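Read through the structure below, which is laid out as structure tokens, and then see the notes.
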Amino acid sequence: MQKMGDTERLNEKEEEILEMIEDWMDNDIKAMISGKCNVSCATLLSIFMEVLGGIANGTLMEKGKEKDRFEAFLRLPWVPKQYKTLNYKLSRERDGKGLYQLYRCNLVHTFVFGGLIVLNEPTKPTSRVLPEDIPGILEANDGSGRLIIHVNALAYDIRKARDRLFKEIRERDNKCRKNFRKVFIY
0 MQKMGDTERL NEKEEEILEM IEDWMDNDIK AMISGKCNVS CATLLSIFME VLGGIANGTL
60 MEKGKEKDRF EAFLRLPWVP KQYKTLNYKL SRERDGKGLY QLYRCNLVHT FVFGGLIVLN
120 EPTKPTSRVL PEDIPGILEA NDGSGRLIIH VNALAYDIRK ARDRLFKEIR ERDNKCRKNF
180 RKVFIY
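Rendered as structure tokens:
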């Protein structure tokens, strides 16, 4: 392995894996947003959150750790704090049901009939379109208890968090890299 400063670089296969994940995420989300595949896009974004959390905490291939992986993503230091705040608020107010159950599980198991609204600006597939301080997942302010998923903003925030996580994996011999290798290499 080559050295980068005093840190060893990723080998070719490791870099290939990261590039494959980046391409898959970027291409699929852009196509779904542009194609107005709102519910499919929101579902895929929830999967991306779980995958990135699983890479970060080294549990991607472990059965029964889905919620842990999803919440590990929310705890990444590069994820806007509004997501963690909303998750905590929902868990407190809704019998322990946070974003994992109300967003991810509703989409996967009940489609949008579990109380979700999915919004999209298809002409701007790679743009945030909402101000930085507004997360891509919001609670509806009409008292309905529904969640509003704005796929453009959520995709943007996930991509930023992914890029920072992958930068950590590429540039530092740290826990993120060890967990990445645990999941994909060893």
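Numbering (numbering that gives the first Met the number 0), first residue to last: 0 to 185. Just so you know, even glycine gets a beta-carbon here, dropped at the ideal spot from N, CA and C. If you're wondering where the values come from, they're calculated on a predicted model, not measured in any experiment.
Within the same chain, L59 and R68 come within 6 Å of G53 by CB-CB distance, once the 5 residues on both sides are set aside. A straight line joining the alpha-carbon of L43 with that of R8 spans about 30 Å.
Beta-carbon to beta-carbon, I136 and L164 are separated by about 19 Å, too far to satisfy the 8 Å threshold.
Exclusion of the five residues before and after R176 leaves I168 as the residues of its chain whose Cβ lies within less than 6 Å of its Cβ. Residue pairing by DSSP places V117 opposite I148 in a beta bridge. Distance from N119 to V150 at the Cβ level is roughly 5 Å; contact confirmed, criterion being Cβ atoms closer than 8 Å. Nearest to L73 by C-alpha distance, out of P121, S45, I16 and E92, is S45.
Sorting T125, L101 and K83 by C-alpha distance to the C-alpha of P134 places K83 at the top. Assigned with DSSP and collapsed to three states, L137 falls in strand. Less than 9 Å divides the Cβ of S33 from the Cβ of P124. In the same chain as K66, and ignoring 5 residues on each side of it, the C-beta atoms closer than 6 Å to its own belong to Y99, in chain order. In this model, I28 and C40 are separated by some 6 Å (Cα to Cα).
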